[in-house]
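The working numbering runs 420 ahead of the 1-based position in the sequence shown. Even glycine gets a Cβ: it sits at the ideal position worked out from N, Cα and C. Just so you know, these numbers come straight off a predicted model, no measurement behind them.
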Amino acid sequence: MAWKSKTRSLQVFDTELSADTVEWCPVSSSQDILACGTYQLQKGAGEEDATPSRTGRLYLFEFRREGLMSPPLVELQRMDTAAILDLKWCHVPVSGQAVLGVAAATGELQLYTLLSGSQEGGRSLHSLSSLEVGAERLALSLDWSTGRLDSSSDVRVVCSDSAGCVSVLSLAQGALTALSQWKAHDFEAWISAFSYWDTQLVYSGGDDCRLKGWDLRAGPSCPTFISKRHSMGVCSIHSNPHREHIVATGSYDEQVLLWDGRNMRQPLSESPTGGGVWRLKWHPTHQHLLLAACMHNDFHILHCQQALEGSGGPCPVVASYILHNSLAYGADWSRLSLEEPAPCSPPAEPKEILTQSGGHLRIQYESPTASFDTSLEDDAGRYIPEGIAAPSTIPTAGPAPTPSSTEDTPSLSCLLASCSFYDHMLHVWRWDWTPDQAQQQC
Numbered sequence: 421m422a423w424k425s426k427t428r429s430l431q432v433f434d435t436e437l438s439a440d441t442v443e444w445c446p447v448s449s450s451q452d453i454l455a456c457g458t459y460q461l462q463k464g465a466g467e468e469d470a471t472p473s474r475t476g477r478l479y480l481f482e483f484r485r486e487g488l489m490s491p492p493l494v495e496l497q498r499m500d501t502a503a504i505l506d507l508k509w510c511h512v513p514v515s516g517q518a519v520l521g522v523a524a525a526t527g528e529l530q531l532y533t534l535l536s537g538s539q540e541g542g543r544s545l546h547s548l549s550s551l552e553v554g555a556e557r558l559a560l561s562l563d564w565s566t567g568r569l570d571s572s573s574d575v576r577v578v579c580s581d582s583a584g585c586v587s588v589l590s591l592a593q594g595a596l597t598a599l600s601q602w603k604a605h606d607f608e609a610w611i612s613a614f615s616y617w618d619t620q621l622v623y624s625g626g627d628d629c630r631l632k633g634w635d636l637r638a639g640p641s642c643p644t645f646i647s648k649r650h651s652m653g654v655c656s657i658h659s660n661p662h663r664e665h666i667v668a669t670g671s672y673d674e675q676v677l678l679w680d681g682r683n684m685r686q687p688l689s690e691s692p693t694g695g696g697v698w699r700l701k702w703h704p705t706h707q708h709l710l711l712a713a714c715m716h717n718d719f720h721i722l723h724c725q726q727a728l729e730g731s732g733g734p735c736p737v738v739a740s741y742i743l744h745n746s747l748a749y750g751a752d753w754s755r756l757s758l759e760e761p762a763p764c765s766p767p768a769e770p771k772e773i774l775t776q777s778g779g780h781l782r783i784q785y786e787s788p789t790a791s792f793d794t795s796l797e798d799d800a801g802r803y804i805p806e807g808i809a810a811p812s813t814i815p816t817a818g819p820a821p822t823p824s825s826t827e828d829t830p831s832l833s834c835l836l837a838s839c840s841f842y843d844h845m846l847h848v849w850r851w852d853w854t855p856d857q858a859q860q861q862c
């Protein structure tokens, strides 16, 4: 069965500072809440060797559906903070409240609780706890152990940092406690994540091009595996909350790899994305859909069903959102229901494609820490102006796979958010995916 796919922008918000992380609250009572973090490198004034400062801002939004003429995203709060590298909500309430974790450039893991204000419907973030994972380093990522919506009292956080270390912390009675920390990678440990099915297992990826696994029961002295399958820095990992053993990883090498955690010698599939894969997010309810933030090549939704069933081929892209004009860093699915279909609208204009010979982009990626610059050159070393994209090598959907299980409903309407770096923009958009016969004629 063929499918039709449509993305449509709902609202664009200028975050003023470079935006690099965004996430919808997964807690049922607050699924209309969206958090966005920013990162700005301020070079020191005066002396050339002056230490630069890293500042940020934390935004809190509410998504409202009051009518076609009203912007759906309403800003509730903004807080000036240290630069934010990553943020993630705990998947379950803690002491009855939604809790947001923030990885900060001060080397701290900061927690905020979402509270209702005195005015009707007013909600805001309030500091709950913080813990420094190490001096003179940046906290780069975090993940909660609660990805399968397990309301167990054992709530833990894993955090990675710019010194190559991984830390595991416990949250109890509103306070963070360090359980363990170890040197995991030779350079920046860009990403760390729990296996949501066995939270004694932790994955990490670093700028040393290594993907590693760790068993907390055995201690961190020796990893359970070391994979060199990615050819550049590993910067995204997400355990599938619906399928046991399934893990997705992404890298500056522009590949999304799917793995069965029981055999980490060879990935189940390898999918080129045309851009470094900074973040990956499995859909909150549909086990085969994977959202990828692909830095220099926008945002894409991959359909992974055939790969997970053993086809071995790349995952087809069933939708792309191409309206950002800068590095695609933050992206997330909302759990809110969008029942009514989107009105028909013309598709977005595609980016100009470079058709000259030798048009392959050789890109030196910039990390969110702004530690090195970006260069756009062709194979002959000639400068390529901004706005010109390399020919895409992403596998396109074609006839998309027909859902084979009841969890893959024949029609989807999803709400998403994404953010991009240098243009400091937050986008809220929807994706409608419907069978041909159900698609109304525009």
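The alpha helix (DSSP H) spanning residue i covers which residue range?
i	result
residue 726	725-728
Does the distance from the C-beta atom of residue i to that of residue j stay below 8 Å?
i	j	result
residue 460	residue 437	yes
residue 553	residue 587	yes
residue 496	residue 480	yes
residue 594	residue 549	yes
residue 531	residue 520	yes
residue 681	residue 667	yes
residue 693	residue 658	no
residue 866	residue 833	Absent from the model: residue 866. The displayed extent of the chain is 421 to 862, so no value can be given.
residue 562	residue 577	yes
residue 628	residue 605	yes
residue 849	residue 427	yes
residue 756	residue 440	no
residue 842	residue 747	yes
residue 547	residue 537	no
residue 599	residue 529	no
residue 378	residue 523	With the chain covering only 421 through 862, there is no way to say anything about residue 378.
residue 661	residue 691	no
residue 703	residue 429	no
residue 687	residue 678	yes
residue 644	residue 656	no
residue 631	residue 754	no
Tell me, which residues are paired with residue i by DSSP?
i	result
residue 843	None; residue 843 has no bridge partner.
residue 510	DSSP, once it has assigned bridges, lists no residue as partnering residue 510.
residue 600	588
residue 425	853
residue 521	508 and 531
residue 683	680
residue 675	692
residue 715	748
residue 458	439
residue 721	711 and 739
residue 667	659 and 679
residue 571	DSSP, once it has assigned bridges, lists no residue as partnering residue 571.
residue 833	852
residue 502	475
residue 434	845
residue 444	454
residue 495	481
residue 616	Residue 616 is not bridged to any residue.
residue 595	592
residue 879	Lying outside 421 to 862, the shown extent of the chain, residue 879 is not represented and no answer is given.
residue 621	635
In the DSSP assignment, find the unbroken beta strand (DSSP E) run with residue i in it and report its ends.
i	result
residue 489	Neither: residue 489 is in no beta strand (DSSP E) and is coded neither H nor E.
residue 475	473-483
residue 658	654-659
residue 607	Run containing residue 607: none; DSSP gives neither H nor E here.
residue 632	631-635
residue 627	Neither: residue 627 is in no beta strand (DSSP E) and is coded neither H nor E.
residue 648	That residue, residue 648, is in no beta strand (DSSP E); it is neither H nor E in DSSP.
residue 463	Premise fails: residue 463 is in no beta strand (DSSP E) and is neither H nor E.
residue 581	575-581
residue 699	699-702
Chain D beta carbons: is any one of them nearer than 8 Å to that of residue i?
i	result
residue 585	Given the protein chain composition of this structure (a single chain), no chain D is represented.
If contact is defined by three or more beta carbon pairs under 8 Å, each pair taking one atom from either stretch, is the stretch 438-454 in contact with the stretch 499-513? yes
Quick check: the stretch 558-574 against the stretch 607-625, are at least 3 beta-carbon pairs closer than 8 Å? The stretch 607-625 is in contact with the stretch 558-574.
Starting from the N-terminal side, write out each stretch of the beta strand (DSSP E) that is 3 residues or longer and does not extend beyond the stretch 523-564. Here the runs fully enclosed are 528-536, 543-552 and 559-564.
Taking 8 Å as the cut-off, does the stretch 603-612 touch the stretch 623-630 (at least 3 CB pairs, one atom from each stretch)? yes
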